[in-house]
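Asker: Mind having a look at this structure? Questions to follow.
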Amino acid sequence: MKKQRPTSPKYNHFLRLLYVTIPCLLPMGLSAQAEPVAGQTTLQEGGKDAMVVDASAYDSLQAAFDQLTDGGGKVVIPAGRYEIDRPVIVSRGDVMIQGSGTCTHIVNRNENGEPVLRIVSPEEKAYLWRVQVCDLRITGNPKSGAGIQAVRVNELLLSRLSVEHNGGDGILMDHCYEDPRVCDSLMTYNAATGLNLLGCHDSVVSANQFEENNDALHCIDGYNLTMTGNNLDDHLGNGVVIQNTYGSIVSANMIEECNGHAVILRGDCYGDAISANTLAHCKGEGVRIENARDITISANAFVLLAEHSIHALDSAAQLTITGNTFSRYPFDPERSRKGDPGGGVLLEAIHDVTISGNTFTATRQEAIKAVGDSNHRISITGNTVFNASSEKPGAFCAFFLENPAFCMVTNNIIHDEQQREATSLPAICLEGTGAPTENTVHDNLISGYGSTGT
């Protein structure tokens with residue numbers, strides 16, 4: 002057996018140092034590897050040195066907010082009337098502003114277009130994080146600005162607010178990019194938009210009430226809006242305007258009596274869904290789609306709309322329209338008003354559209370109409386139409402397609418109890434340049450029409 006050479010005391014001491022040092026160095030190496038790359042989010046501590054400020058102990062609301070340090074805190078505004086003539090500035094993150102409900106009333110006396118509350122970092126282009134405003138009433142005047150203006154505030158939460166009678170928007174959220182939320186609030190009688198979202202991402206707007214603003218809600222240049230369970234009534238302009246915004250949902254809302262349109266999708270919108278809403282008694286259209294693509298419109302109730310319930314134009318395409326109800330007042334004929342018939346679907350020079358499983362009752366003119374130089378690949382299947390052309394019985398077809406190509410109209414039920422003359426138009430009309438072999442119309446159940454039906 003080969004003998005090992007004895008080691009010196011110095012060598013043994015060196016080995017002991019290695020055994021102690023290497024395990025200490027390993028976590029440092031692992032920690033360095035775990036550091037996030039540029040742009041990756043990290044846990045922000047927050048709460049350190051946070052404080053509670055009672056606004057009643059100070060001469061002004063601004064003096065109370067100025068007490069907050071970088072650690073943030075809670076500003077409590079007791080019940081009372083607080084009149085201001087310049088914006089109250091919130092410049093810290095991790096802040097909660099809480100009143101005592103509508104009996105905490107902040108009144109804007111400014112007439113230079115300034116807001117009541119401005120939430121913004123003092124550093125140019127910097128973002129604040131985690132600001133919450135709740136339990137307040139905020140009012141302005143015809144010459145004031147927005148009720149609340151938030152600029153670059155991430156994880157903003159606005160709840161249980163009454164924001165009304167402001168000269169600008171009720172709430173203006175300007176590039177509040179990460180996870181803004183507005184819930185359980187009332188936005189009424191504001192001269193511009195009730196809630197204006199500019200460049201916001203992953204926004205949640207839920208369980209709010211909007212009334213008699215100019216428009217109720219704008220979402221422009223944004224992403225992934227979730228708008229659910231809101232009530233919109235009596236707007237001077239439009240209900241919901243979504244522009245250049247993708248991957249959004251407008252669901253389970255009641256939108257009634259807009260002087261303009263109930264919902265507008267405009268510009269580079271795609272992957273949006275308008276579902277399970279009631280769109281009622283507006284003077285304009287129900288859903289107006291201007292150049293948007295890949296849109297789903299499903300399970301909505303379109304009721305008593307003066308113009309078309311759905312109108313797609315300006316190169317809009319790739320639409321799914323399914324499971325909707327288009328109607329007017331369906332009961333006592335003596336109570337129904339000719340001024341309140343329901344609107345149908347109007348498509349202008351469109352392609353790749355599916356319209357299926359809808360019910361049309363007493364639409365003003367056609368239930369479905371496609372006009373323009375070319376209408377390609379439209380599938381109209383499995384719909385039920387009752388008493389189309391209620392404005393002037395016999396004057397309009399149930400379905401009218403101009404210049405169709407590769408279109409299909411099949412398995413629909415079309416019935417009319419209004420027509421009296423055998424010379425009435427057929428239920429389905431295809432006109433224009435599309436060769437008969439390029440389109441198919443078959444297996445439709447048609448009754449009550451004087452002509453052959455197609």
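Per my numbering: the sequence shown = residues 2 to 455.
The beta-carbon is built from N, C-alpha and C at its ideal position, and this holds for glycine as well.
This structure is a prediction, so every number in the text was calculated from the model and none was measured.
Kindly indicate which residue of Met52, Leu62 and Pro79 has the alpha-carbon position closest to the one of Asp71.
Answerer: If you number the sequence shown from 1, residue 71 lands on position 70. The candidate whose alpha carbon is nearest that of Asp71 is Met52.
Asker: If I measure Cβ to Cβ from Pro437 and keep anything under 7 Å in the same chain, skipping five residues before and after, which residues do I get?
Answerer: As a working mapping, residue 437 is identified with position 436 in the sequence shown. Excluding residues up to 5 positions away in sequence, nothing lies with its Cβ nearer than 7 Å to the Cβ of Pro437 in the same chain.
Asker: Helix, strand or coil for Gln366? Go by DSSP, reduced to three states.
Answerer: The sequence position of residue 366 within the sequence shown is 365, counting from 1. Reduced to three states, the DSSP call for Gln366 is coil.
Asker: Classify Ala396 as helix, strand or coil using the three-state DSSP reduction.
Answerer: Locating residue 396 in the sequence shown gives position 395, where the first residue counts as 1. Correct three-state label for Ala396: coil.
Asker: State the DSSP-derived secondary structure class of Ser57, mapped to helix, strand or coil.
Answerer: Counting from 1 along the sequence shown, the entry for residue 57 is found at position 56. Reduced to three states, the DSSP call for Ser57 is helix.
Asker: Report buried or exposed for Ser186, applying the criterion of at least 16 other Cβ atoms within 10 angstroms of its Cβ.
Answerer: Taking the first residue of the sequence shown as position 1, residue 186 is located at position 185. Ser186 comes out buried.
Asker: As an exercise, report each continuous beta strand (DSSP E) stretch of at least 3 residues that is fully enclosed by the segment 65-146, in chain order.
Answerer: For the segment 65-146, whole beta strand (DSSP E) runs of length 3 or above, ordered along the chain, are 74-77, 81-85, 89-91, 96-99, 105-109, 118-120 and 132-140.
Asker: Taking the alpha-carbon positions, what's the Leu477 to His312 distance?
Answerer: Because the chain is modelled from 2 through 455, residue 477 falls outside the range shown and cannot be assessed.
Asker: Expressed to the nearest angstrom, what Euclidean distance is found between the alpha-carbon atoms of Ile172 and Ile85?
Answerer: Looking up residue 172 in the sequence shown gives position 171. Looking up residue 85 in the sequence shown gives position 84. Taking the straight line joining both Cα atoms gives about 18 Å.
Asker: Check this for me: beta carbons of Ile415 and Ala406, under 8 Å apart or not?
Answerer: Residue mapping note: residue 415 aligns to position 414 of the sequence shown, counting from 1. Residue mapping note: residue 406 aligns to position 405 of the sequence shown, counting from 1. For Ile415 and Ala406, no; Cβs fall outside 8 Å.
Asker: Taking the runs of the beta strand (DSSP E) that are 3 residues or longer, which of them lie wholly in the segment 243-329?
Answerer: Counting only runs of 3 or more, we get 250-252, 255-257, 264-267, 274-276, 279-281, 288-291, 294-299, 302-304, 311-314, 318-323 and 326-328.
Asker: Along the chain, where does the beta strand (DSSP E) that runs through Thr385 open and close?
Answerer: Residue 385 sits at position 384 when you count from the first residue of the sequence shown. Taken as a continuous stretch (DSSP letters only), the beta strand (DSSP E) holding Thr385 covers Thr385 to Phe387.
Asker: Do Ser204 and Cys184 come within 8 Å of each other at the CB atom, strictly closer than that value?
Answerer: Position 183 of the sequence shown, counting from 1, holds the residue named residue 184. Position 203 of the sequence shown, counting from 1, holds the residue named residue 204. Not a contact, by the Cβ cut-off of 8 Å.
Asker: Tell me the DSSP secondary structure of Thr438 in three-state form.
Answerer: Counting from 1 along the sequence shown, the entry for residue 438 is found at position 437. If DSSP states are grouped into helix, strand and coil, Thr438 belongs with the helices.
Asker: Closest by CA to Asn388, which one among Ile351, Thr364 and His352?
Answerer: In the sequence shown, the residue the question calls residue 388 occupies position 387. Selected option, being the one with the closest Cα: Thr364.
Asker: Hey, Asn167 and Asn197: beta-carbon distance below 8 Å or not?
Answerer: As a working mapping, residue 167 is identified with position 166 in the sequence shown. As a working mapping, residue 197 is identified with position 196 in the sequence shown. Contact flag unset, no.
Asker: Check Leu158 in the structure and name its three-state DSSP category.
Answerer: Position 157 of the sequence shown, counted from the start, is the residue given in the question as residue 158. Residue state, collapsed to three classes: strand.
Asker: If Ser276 and Asn301 are in contact, beta carbons under 8 Å, what's the gap, nearest whole angstrom?
Answerer: As a position in the sequence shown, residue 276 is number 275, starting the count at 1. As a position in the sequence shown, residue 301 is number 300, starting the count at 1. For Ser276 against Asn301, the beta-carbon gap comes to about 7 Å, under 8 Å, which counts as contact.
Asker: Roughly how many angstroms separate the alpha carbons of Glu112 and Gly148, rounded to a whole number?
Answerer: As a first step, residue 112 must be located in the sequence shown, where it is residue number 111. As a first step, residue 148 must be located in the sequence shown, where it is residue number 147. Going by the C-alpha atoms only, they are around 13 Å apart.
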